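Residues in the sequence shown are numbered consecutively from 387, following the working numbering.
C-beta: ideal position from N, C-alpha, C; glycine also.
Every value quoted in this text rests on a predicted model; they were computed, and no experiment measured them.
Following: one structure in structure tokens, then a few remarks.
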Amino acid sequence: MLGMRTAHFTPLLLLLAACFPTYIPSPPAGAGNDTSEPSDTSDTSDTSTPDDTDETGETADTAPVDDTADTADTADTADTADTADTAACSTRVRKVTPANGATDVWFEDDIVFLLSAADATATISSTLPGTTTVDGKTITFSPDPSMAGSATYTVALDGCFGSESTTFTTSVYGDAVLDPSGLVDRSWDAQVISGTWTSPAGVSTLLSSYITADMLLGVTDEGSGTLDLRFGATDSTGSTQDLSINTVDAAGGDWSANPRFTSTPADAAITINGYETTMYTVEVTGVFSASGDSIGALKLSGLVDTAPLVPLIDPAGAEDTLCDLMASLGETCTACPDGTPNCMSVIIEDIPAPELTGVTTEEVTGGSGVACSTASAAMPLGFVGLLLAGKRQSKRRK
387 MLGMRTAHFT PLLLLLAACF PTYIPSPPAG AGNDTSEPSD TSDTSDTSTP
437 DDTDETGETA DTAPVDDTAD TADTADTADT ADTADTAACS TRVRKVTPAN
487 GATDVWFEDD IVFLLSAADA TATISSTLPG TTTVDGKTIT FSPDPSMAGS
537 ATYTVALDGC FGSESTTFTT SVYGDAVLDP SGLVDRSWDA QVISGTWTSP
587 AGVSTLLSSY ITADMLLGVT DEGSGTLDLR FGATDSTGST QDLSINTVDA
637 AGGDWSANPR FTSTPADAAI TINGYETTMY TVEVTGVFSA SGDSIGALKL
687 SGLVDTAPLV PLIDPAGAED TLCDLMASLG ETCTACPDGT PNCMSVIIED
737 IPAPELTGVT TEEVTGGSGV ACSTASAAMP LGFVGLLLAG KRQSKRRK
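Here it is, written out as structure tokens:
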């Protein structure tokens with residue numbers, strides 16, 4: 387009876403062994419009639435081999451600890467440190483030229499950023515082509531080619547401090563003259579007294595006070611890369627030509643860089659307060675607006691022989707008297723092209739030159755030299771007084 391119950395119980399044991407391979411109870415003692423069944427149980431126990439345990443381990447491997455390390459990589463503290471570096475940047479942009487919102491900017495000007503400290507990461511960004519130069523705390527952007535006239539541009543500087551930009555508008559100068567031949571027989575009022583006297587700097591105010599007439603500039607011809615000019619003087623009203631003053635013609639001026647021109651007139655006789663002298667190596671440069679209604683950056687330079695002008699300050703003075711007075715104000719005379727040692731360099735820049743509408747500069751040959759002043763008996767004494775005053779101011783500055 388017991389043997390029969392054991393025989394019937396054995397299949398149940400085998401089923402349990404198949405479902406729960408880690409639990410295999412031994413058959414009861416005395417169940418020896420079915421000796422082949424334990425052998426089957428042994429086979430079933432083979433299904434619960436260490437290989438199955440390894441497979442369970444492989445399932446665990448699908449979530450490796452290394453993935454946690456990858457998560458740590460995602461939260462890379464190095465990136466956080468970079469952000470901290472940006473926040474810690476103490477460099478600031480102190481000045482930008484031209485300033486944001488500036489107008490009438492010259493088309494050839496550079497854009498300059500001045501920093502509080504050097505920043506090796508700083509870079510220029512702009513739609514303008516050009517080159518960047520770094521000199522310590524100064525970063526300069528030079529547009530190349532030059533900017534257009536009457537145009538608006540934005541230039542930015544990016545660095546550890548963030549981004550700083552300036553938006554500005556250029557002046558009417560920069561574009562080529564639309565109709566170069568249309569410049570012929572037109573005239574411009576070169577207001578020399580309103581220009582910037584860069585040489586002789588020490589006596590610029592004194593000399594400009596003697597100029598009572600503007601220089602008249604007219605175009606007589608325009609060709610392929612050349613421009614012919616005529617120089618005269620305006621009358622006291624500045625509205626028309628003074629036909630008592632001789633004109634000077636300058637043919638073949640350089641016009642290859644329209645709208646910029648360069649003219650080199652022949653040595654010219656000029657009259658200062660009634661005394662005639664010579665101006666050597668004269669050069670006149672400027673830039674026409676696209677419509678031709680004005681000239682920008684007009685510059686006049688040359689050498690003036692001071693010897694004939696000595697009577698202005700000392701009727702009995704030596705030829706170098708004026709140069710001696712100039713030396714006391716920090717200016718030095720140089721040799722004239724004719725070998726005499728008393729020439730003074732004259733450079734006047736940024737001379738305003740609006741067009742004199744309806745005026746054509748006529749040739750005048752029977753008048754006097756180009757006048758810089760009208761005669762006055764009080765002028766010589768006044769000139770000496772101004773020179774002495776300038777000398778005293780120069781000593782106080784030292």
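Alpha-carbon to alpha-carbon, residue j and residue i
i	j	result
Glu705	Pro651	26 Å
Thr667	Ala508	46 Å
Thr720	Lys685	20 Å
Thr743	Val570	13 Å
Asp453	Gly522	Caution is warranted here: a pLDDT of 46 is assigned to Asp453, below 50, making its placement in the model unreliable, and no coordinate value can be reported.
Arg478	Leu500	9 Å
Lys481	Asp530	22 Å
Phe493	Gly568	23 Å
Val484	Leu514	A small fix is needed here, since residue 484 is Pro in this sequence, not Val. Distance between the alpha carbons of Pro484 and Leu514: 15 Å.
Pro785	Asp710	Limits of the chain in this structure are 387 at one end and 784 at the other, which puts residue 785 out of reach.
Ala537	Ala562	14 Å
Ser580	Gly716	23 Å
Thr648	Asp679	18 Å
Gly535	Gly611	21 Å
Ile597	Leu698	14 Å
Thr517	Phe527	6 Å
Ser476	Gly638	57 Å
Val541	Arg646	26 Å
Glu669	Val745	23 Å
Tyr539	Ala683	21 Å
Asp496	Thr707	43 Å
Asp724	Ala713	22 Å
Ala654	Val690	10 Å
CB-CB length for residue i against residue j, believed under 8 Å
i	j	result
Gly560	Ser585	Not quite, the Cβ-Cβ distance comes to about 27 Å (not below 8 Å), so this is no contact.
Trp641	Leu603	14 Å between Cβ atoms; not a contact.
Thr692	Asn644	Contact doesn't hold; Cβ gap of about 37 Å is too wide.
Gln627	Thr751	Not a contact, Cβ separation roughly 14 Å.
Gly703	Val696	5 Å
Val498	Ile737	Not confirmed; about 25 Å, so no contact.
Thr633	Glu749	5 Å
Ala576	Asp600	6 Å
Val520	Arg572	Not really, about 45 Å apart at Cβ, beyond 8 Å.
Ile681	Ala739	4 Å
Endpoints, the alpha helix (DSSP H) within which residue i is located
i	result
Cys709	Thr707 to Ser714
N-terminal and C-terminal residue of the beta strand (DSSP E) that residue i is part of
i	result
Ala508	Premise fails: Ala508 is in no beta strand (DSSP E) and is neither H nor E.
Ile552	Looking at the sequence shown, residue 552 is not Ile but Thr. Gly548 to Thr555 is the extent of the beta strand (DSSP E) around Thr552.
Ser532	Segment: none, Ser532 is in no beta strand (DSSP E) and carries neither H nor E.
Phe617	Thr612 to Ala619
Ser642	Val634 to Ala643
Trp492	No beta strand (DSSP E) holds Trp492; DSSP gives it neither H nor E.
Ile737	Cys729 to Pro740
Asp607	Met601 to Glu608
Glu662	Tyr661 to Phe674
Ala655	Ala654 to Ile658
Gly516	Gly516 to Asp521
Ile681	Ser680 to Asp691
Ala576	Ser573 to Ala576
Thr650	Per DSSP, Thr650 belongs to no beta strand (DSSP E) and is neither H nor E.
Cβ neighbour criterion (16 or more within 10 Å) applied to residue i
i	result
Thr457	Reliability fails at Thr457, whose pLDDT of 45 lies under 50, so the model's placement of it is uncertain and no value is given.
Leu564	exposed
Ala763	Reliability fails at Ala763, whose pLDDT of 28 lies under 50, so the model's placement of it is uncertain and no value is given.
Ser511	exposed
Thr582	exposed
Gly545	buried
Gly672	buried
Thr663	buried
Ser677	exposed
Ser630	exposed
Ser557	buried
Ala506	exposed
Ala636	buried
Ser502	exposed
Gly548	exposed
Ser675	buried
Met665	buried
Thr524	exposed
C-beta neighbour in chain D for residue i, strict 7 Å
i	result
Trp574	The structure shown contains no chain D; it holds only a single protein chain.
**Prompt:** Counting Cβ pairs closer than 8 Å, one from the region 657-667 and one from the region 623-630, do we hit at least three?
**Reply:** no
Check whether the region 722-735 touches the region 610-617, counting contact only when three or more Cβ pairs, one atom from each stretch, lie closer than 8 Å.
no
ask   = Does the pairing of the region 540-555 with the region 476-488 give three or more beta-carbon distances under 8 Å?
value = yes
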